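Residue numbers (the numbering used here): 535 to 700.
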(Lines of atoms letter the chains of each structure in order from A; the text may use other names.)
(Lines give C-alpha, C1' and ligand atoms only; values in the text may rest on other atoms or scores of the structure.)
Protein backbone atom coordinates (compact mmCIF):
# COMPACT_ATOMS: atom_id res chain seq x y z
CA UNK A 535 0.00 0.00 0.00
CA UNK A 536 2.80 2.43 0.85
CA UNK A 537 4.54 1.67 -2.42
CA UNK A 538 1.38 2.43 -4.40
CA UNK A 539 0.95 5.68 -2.49
CA UNK A 540 4.56 6.54 -3.22
CA UNK A 541 4.04 5.92 -6.94
CA UNK A 542 0.86 8.03 -6.87
CA UNK A 543 2.74 10.86 -5.16
CA UNK A 544 5.57 10.55 -7.70
CA UNK A 545 3.08 10.67 -10.56
CA UNK A 546 1.39 13.74 -9.09
CA UNK A 547 4.76 15.40 -8.56
CA UNK A 548 5.81 14.56 -12.13
CA UNK A 549 2.59 16.04 -13.46
CA UNK A 550 2.97 19.21 -11.40
CA UNK A 551 6.58 19.83 -12.35
CA UNK A 552 6.21 18.96 -16.03
CA UNK A 553 2.84 20.54 -16.79
CA UNK A 554 4.25 24.04 -17.21
CA UNK A 555 7.97 23.39 -16.67
CA UNK A 556 8.79 23.03 -20.37
CA UNK A 557 7.24 26.42 -21.04
CA UNK A 558 9.64 28.30 -18.77
CA UNK A 559 12.03 28.47 -21.71
CA UNK A 560 9.31 29.85 -23.99
CA UNK A 561 8.59 32.49 -21.34
CA UNK A 562 12.28 33.35 -21.11
CA UNK A 563 12.62 33.76 -24.88
CA UNK A 564 9.33 35.42 -25.74
CA UNK A 565 8.50 37.48 -22.66
CA UNK A 566 11.83 38.28 -21.05
CA UNK A 567 13.86 38.49 -24.27
CA UNK A 568 16.67 36.14 -23.23
CA UNK A 569 18.98 34.67 -25.83
CA UNK A 570 19.75 31.00 -26.29
CA UNK A 571 23.09 31.53 -24.57
CA UNK A 572 21.46 33.12 -21.54
CA UNK A 573 18.96 30.27 -21.25
CA UNK A 574 21.85 27.81 -21.55
CA UNK A 575 23.64 29.58 -18.70
CA UNK A 576 20.49 29.29 -16.57
CA UNK A 577 20.19 25.56 -17.31
CA UNK A 578 23.86 25.14 -16.41
CA UNK A 579 23.30 27.00 -13.14
CA UNK A 580 20.47 24.64 -12.26
CA UNK A 581 22.66 21.61 -12.90
CA UNK A 582 25.55 23.17 -10.97
CA UNK A 583 23.27 23.98 -8.05
CA UNK A 584 22.19 20.35 -7.93
CA UNK A 585 25.68 18.90 -8.25
CA UNK A 586 27.28 21.23 -5.73
CA UNK A 587 24.52 20.75 -3.17
CA UNK A 588 24.32 16.93 -3.19
CA UNK A 589 27.07 16.48 -0.56
CA UNK A 590 25.06 18.80 1.67
CA UNK A 591 21.76 16.91 1.28
CA UNK A 592 22.98 13.41 2.10
CA UNK A 593 23.99 14.16 5.70
CA UNK A 594 20.83 16.24 6.23
CA UNK A 595 18.64 13.36 5.04
CA UNK A 596 20.52 10.95 7.31
CA UNK A 597 20.28 13.22 10.33
CA UNK A 598 16.74 14.61 10.08
CA UNK A 599 14.97 12.04 7.92
CA UNK A 600 13.81 12.08 4.34
CA UNK A 601 10.32 13.43 4.83
CA UNK A 602 11.25 16.37 7.03
CA UNK A 603 14.15 17.44 4.81
CA UNK A 604 12.01 17.01 1.70
CA UNK A 605 9.27 19.15 3.24
CA UNK A 606 11.73 21.94 4.02
CA UNK A 607 13.29 21.69 0.54
CA UNK A 608 9.85 21.77 -1.07
CA UNK A 609 8.70 24.71 1.04
CA UNK A 610 11.83 26.69 0.17
CA UNK A 611 11.52 25.71 -3.48
CA UNK A 612 7.92 26.85 -3.73
CA UNK A 613 8.62 30.04 -1.78
CA UNK A 614 11.37 31.12 -4.12
CA UNK A 615 9.27 30.08 -7.12
CA UNK A 616 6.90 32.90 -6.21
CA UNK A 617 9.52 35.25 -7.67
CA UNK A 618 8.37 34.09 -11.13
CA UNK A 619 5.20 36.10 -10.54
CA UNK A 620 7.11 39.37 -10.46
CA UNK A 621 9.64 38.74 -13.24
CA UNK A 622 9.72 41.28 -16.03
CA UNK A 623 12.38 42.20 -18.59
CA UNK A 624 13.50 44.95 -16.18
CA UNK A 625 14.39 42.57 -13.32
CA UNK A 626 15.38 39.42 -15.19
CA UNK A 627 18.69 39.27 -13.30
CA UNK A 628 16.66 37.55 -10.56
CA UNK A 629 16.65 34.48 -12.80
CA UNK A 630 20.25 33.57 -11.98
CA UNK A 631 19.79 32.99 -8.23
CA UNK A 632 16.35 31.46 -8.88
CA UNK A 633 17.75 28.78 -11.21
CA UNK A 634 20.77 28.09 -9.00
CA UNK A 635 18.57 27.69 -5.94
CA UNK A 636 16.04 25.61 -7.88
CA UNK A 637 18.76 23.15 -8.84
CA UNK A 638 20.04 22.79 -5.32
CA UNK A 639 16.61 22.44 -3.72
CA UNK A 640 15.41 19.97 -6.36
CA UNK A 641 18.50 17.86 -5.74
CA UNK A 642 17.59 17.50 -2.06
CA UNK A 643 13.98 16.68 -2.84
CA UNK A 644 14.78 14.10 -5.51
CA UNK A 645 17.51 12.46 -3.41
CA UNK A 646 15.06 12.16 -0.52
CA UNK A 647 12.44 10.71 -2.86
CA UNK A 648 14.82 8.10 -4.19
CA UNK A 649 16.04 7.02 -0.76
CA UNK A 650 12.43 6.63 0.39
CA UNK A 651 11.80 4.45 -2.65
CA UNK A 652 14.75 2.25 -1.75
CA UNK A 653 13.45 1.87 1.81
CA UNK A 654 9.92 0.94 0.70
CA UNK A 655 10.78 -1.96 -1.56
CA UNK A 656 12.16 -5.36 -0.59
CA UNK A 657 15.66 -6.10 -1.94
CA UNK A 658 14.39 -8.93 -4.15
CA UNK A 659 12.00 -6.57 -5.96
CA UNK A 660 14.26 -3.53 -6.35
CA UNK A 661 14.68 -3.70 -10.13
CA UNK A 662 11.00 -4.34 -10.81
CA UNK A 663 9.81 -1.71 -8.33
CA UNK A 664 12.21 0.96 -9.56
CA UNK A 665 11.21 0.17 -13.15
CA UNK A 666 7.50 0.34 -12.32
CA UNK A 667 7.96 3.65 -10.51
CA UNK A 668 9.89 5.11 -13.43
CA UNK A 669 7.39 3.82 -15.98
CA UNK A 670 4.39 5.35 -14.23
CA UNK A 671 6.01 8.67 -13.37
CA UNK A 672 7.57 8.98 -16.83
CA UNK A 673 4.26 8.31 -18.57
CA UNK A 674 2.60 11.02 -16.50
CA UNK A 675 5.54 13.36 -17.10
CA UNK A 676 5.19 12.78 -20.86
CA UNK A 677 1.48 13.64 -20.93
CA UNK A 678 1.57 16.65 -18.62
CA UNK A 679 3.22 19.16 -21.02
CA UNK A 680 0.40 18.47 -23.48
CA UNK A 681 -2.08 19.49 -20.78
CA UNK A 682 0.02 22.51 -19.81
CA UNK A 683 0.33 23.60 -23.43
CA UNK A 684 -3.40 23.30 -23.92
CA UNK A 685 -4.06 25.45 -20.84
CA UNK A 686 -1.56 28.10 -21.94
CA UNK A 687 -2.94 28.07 -25.48
CA UNK A 688 -6.49 28.39 -24.23
CA UNK A 689 -5.60 31.33 -21.97
CA UNK A 690 -3.78 33.15 -24.77
CA UNK A 691 -6.66 32.49 -27.18
CA UNK A 692 -9.01 34.11 -24.65
CA UNK A 693 -7.07 37.33 -25.15
CA UNK A 694 -5.11 37.41 -21.90
CA UNK A 695 -1.71 39.12 -22.23
CA UNK A 696 1.07 36.51 -22.65
CA UNK A 697 3.11 37.87 -19.73
CA UNK A 698 0.13 37.33 -17.43
CA UNK A 699 -0.63 33.90 -18.91
CA UNK A 700 2.86 32.63 -18.23
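Using N, Cα and C, we set each Cβ at its ideal position, and we do this for glycine too.
Quick caveat: nothing in here was measured; it's all calculated off a predicted structure.
(message) With three or more C-beta pairs closer than 8 Å as the rule, is the region 620-629 touching the region 658-674?
(response) no
(request) Please confirm if the region 642-661 is in contact with the region 586-596, defined as three or more CB-CB distances below 8 Å between the two stretches. (result) yes
(message) Within 8 Å, do at least three Cβ pairs link the region 676-687 to the region 570-583?
(response) no
(message) Within the continuous alpha helix (DSSP H) that includes residue 698, where are the two ends?
(response) 696-699
(request) Consult DSSP for residue 636 and reduce its assignment to one of helix, strand or coil. (result) helix
(request) Rank 656, 646, 688, 632 by C-alpha distance to the C-alpha of residue 578 and give the top, closest one. (result) 632
(request) With a 10 Å radius around its C-beta and 16 neighbouring C-beta atoms as the bar for buried, classify residue 553 as buried or exposed. (result) buried
(request) Would you kindly work out how many angstroms separate the C-alpha atoms of residue 697 and residue 566, rounded to a whole number? (result) 9 Å
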